[in-house]
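*Asks:* Everything in the sequence shown is counted per my numbering, starting at 1 for the first residue and increasing by one. Glycine residues also receive a C-beta, built at the ideal position from the N, C-alpha and C atoms.
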Amino acid sequence: MTKKAAEPNRNKPDTAPLNTTIVACGFETDIETPVLRWDQAGGLVCPNRRGRESLNHHKKELNEAPTCAPSHYKISNPTAAYEELKQTVYQFILHYDVCYTSRHCHEVLQNSSFKGSHFYLDLDGTLYQTCDLYWKTNTAPADDKLGNERAVHVEMANLSWQALSAESSLYHLKQDAYVLGKKGWKLRLPASRRSQLLQKSYQPVVARAFGERGYFSRRINGRQVRMWDYTEAQYQTLIRLCRGINRLLPRVQLKVPVDPESGRTPLDRLKNFAQFEGVLGHAHVQAGTTEGITCKYDPGSAFNWGRLRRALGRQSSR
Ligand SMILES: [Zn+2]
1 MTKKAAEPNR NKPDTAPLNT TIVACGFETD IETPVLRWDQ AGGLVCPNRR GRESLNHHKK
61 ELNEAPTCAP SHYKISNPTA AYEELKQTVY QFILHYDVCY TSRHCHEVLQ NSSFKGSHFY
121 LDLDGTLYQT CDLYWKTNTA PADDKLGNER AVHVEMANLS WQALSAESSL YHLKQDAYVL
181 GKKGWKLRLP ASRRSQLLQK SYQPVVARAF GERGYFSRRI NGRQVRMWDY TEAQYQTLIR
241 LCRGINRLLP RVQLKVPVDP ESGRTPLDRL KNFAQFEGVL GHAHVQAGTT EGITCKYDPG
301 SAFNWGRLRR ALGRQSSR
């Protein structure tokens, strides 16, 4: 299922316009959807990488801040490193980025001295991989402060409650960011943000809407979270990404949390959040119950956990 990055992929036609693989320790898997990687033209480089404590194929001084020059981030023995990584990482954590686009999210993370994310998932379904999965990114410390050691992360483009003018403390919107059109609720993208999309003419319409108001509203870790849904393209890429991560890192099982009584995915932080092996939301691992850790609500009230649960439960290889 995996192959060395250095080997040519003979199944891919020469005319393939974009890369479709994700990579861990140089081992690749094809997720059959466009992926802009940090090591390729047009890619975005994670501004802040760290070494994972339990891995042994990098310089240990990379485990903690400050961020070093890119040339320091070398994996000395990729094959041995990959075996260690497969034992170490067992969670894939989903986030909203509170941004218009993935490049917008990247701008925000570049302004931080420690934050990063392995993946960004843009409105049009384009995936960015910003560094090899060997590295740790500080995306979700979790309530035990060990969350990033055991996880890989994706930041999905969505403004969350900042899309509502009444709650837009960050962007001070004069009107809601979504408007109801012929095709459904659509995100109004400022021209400067639209130009950041890979597919410039993409229409960012929500995958599903709630009633006449469009946005969903559910309580998560004590806060009423109001937000519009992600796009259909984002769900399709996310499902492929989950399968790809599972192929590369099999301890990240193709499952999400399920409440045995309701049969639904809970939204609040889980009791056993540190042990769960699979796909989780940031809110599932971080309610801010520890000193210095903030309460989180992502991927939010609109995220369709049922769809992801059903998709991952299917036997299909994709
Ligand atoms: Zn988050």
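Whole angstroms are fine: how far does the CA of K182 sit from the CA of I293?
*Replies:* Rounded to whole angstroms, I293 to K182 spans 43 Å at the Cα level.
*Asks:* Use the C-beta contact count for L180: other C-beta atoms within 10 angstroms, 16 or more gives buried, fewer gives exposed.
*Replies:* Result: exposed.
*Asks:* Buried or exposed for L111, please, with buried defined as at least 16 other CB atoms from any protein chain shown within 10 angstroms of its CB.
*Replies:* It is Asn, not Leu, that sits at residue 111 in the sequence shown. Label assigned to N111: exposed.
*Asks:* Consult DSSP for A5 and reduce its assignment to one of helix, strand or coil.
*Replies:* Residue placement at A5 is flagged as unreliable, the pLDDT there being 48, under the threshold of 50; a coordinate-derived value is accordingly withheld.
*Asks:* In chain order, what residues of the same chain have a beta carbon less than 7 Å from the beta carbon of L197, not counting five sequence neighbours either side?
*Replies:* So the qualifying residues of the chain are T101, D122, L123, D124.
*Asks:* Kindly give me the distance between the Cβ atoms of R226 and L164, rounded to whole angstroms, as I take these residues to be in contact under 8 Å.
*Replies:* Confirmed, about 6 Å.
*Asks:* Suppose you measure from the CA of E277 to the CA of S262; what does that come to, to the nearest Å?
*Replies:* In a straight line, the C-alpha of E277 is about 21 Å away from that of S262.
*Asks:* From this set, S71, Q234, R264, F303, which residue's C-alpha is nearest Y320's C-alpha?
*Replies:* For the chain, the structure presents residues 1 to 318; residue 320 sits outside this window and is missing.
*Asks:* Going straight from the alpha carbon of W185 to that of A311, what length do you get?
*Replies:* About 24 Å.
*Asks:* Between the C-alpha atoms of I93 and K271, what's the straight-line distance to the nearest angstrom?
*Replies:* If you take the alpha carbons of I93 and K271, they lie about 16 Å apart.
*Asks:* Look up H153 in the DSSP assignment and give the residues it is bridged to.
*Replies:* Partner(s): I93.
*Asks:* Can you grab the Cα-Cα spacing for the pair I239 / N56, in whole Å?
*Replies:* Distance between the alpha carbons of I239 and N56 is about 31 Å.
*Asks:* With distance defined between alpha-carbon atoms, name the residue in G300, R307, V23 nearest to Q162.
*Replies:* Of G300, R307, V23, the residue nearest in Cα terms is G300.
*Asks:* Fully enclosed by the segment 166–215, which beta strand (DSSP E) runs are 3 residues long or longer?
*Replies:* The segment 166–215 contains these whole beta strand (DSSP E) runs: 178–181, 184–187.
*Asks:* Any heavy atom of ligand 1 closer than 8 Å to the Cβ of G118?
*Replies:* Per the sequence presented here, residue 118 reads as His, with Gly not at that position. H118 Cβ: outside cutoff for every heavy atom of ligand 1.
*Asks:* How is E84 classed by DSSP in three states: helix, strand or coil?
*Replies:* In the structure shown, E84 sits in a helix (DSSP, three-state: H, G or I).
*Asks:* Please name the residue in H118, P204, A302, T139 whose C-alpha comes closest to that of R213.
*Replies:* Among H118, P204, A302, T139, the Cα nearest to that of R213 is on A302.
*Asks:* From the DSSP output, in three-state form, read off L18 for me.
*Replies:* Correct three-state label for L18: coil.
*Asks:* Would you kindly work out how many angstroms separate the C-alpha atoms of A191 and H104, rounded to a whole number?
*Replies:* If you take the alpha carbons of A191 and H104, they lie about 13 Å apart.
*Asks:* Per DSSP, Q129 forms a beta bridge with which residues?
*Replies:* For Q129, which the question treats as bridged, DSSP gives the partners R37, F119.
*Asks:* What does the alpha-carbon distance come out to for the pair V325 and G147?
*Replies:* Because the chain in this structure spans residues 1 to 318, residue 325 falls outside the shown range and cannot be described.
*Asks:* Let's test the definition: count the other Cβ atoms within 10 Å of the Cβ of H282 and tell me whether it reaches 16, buried, or not, exposed.
*Replies:* It is buried - the Cβ of H282 has at least 16 other Cβ atoms within 10 Å.
*Asks:* Determine the closest residue to A151 out of H284, R314, T290, with distance taken between C-alpha atoms.
*Replies:* Checking every option, the nearest Cα to that of A151 belongs to H284.
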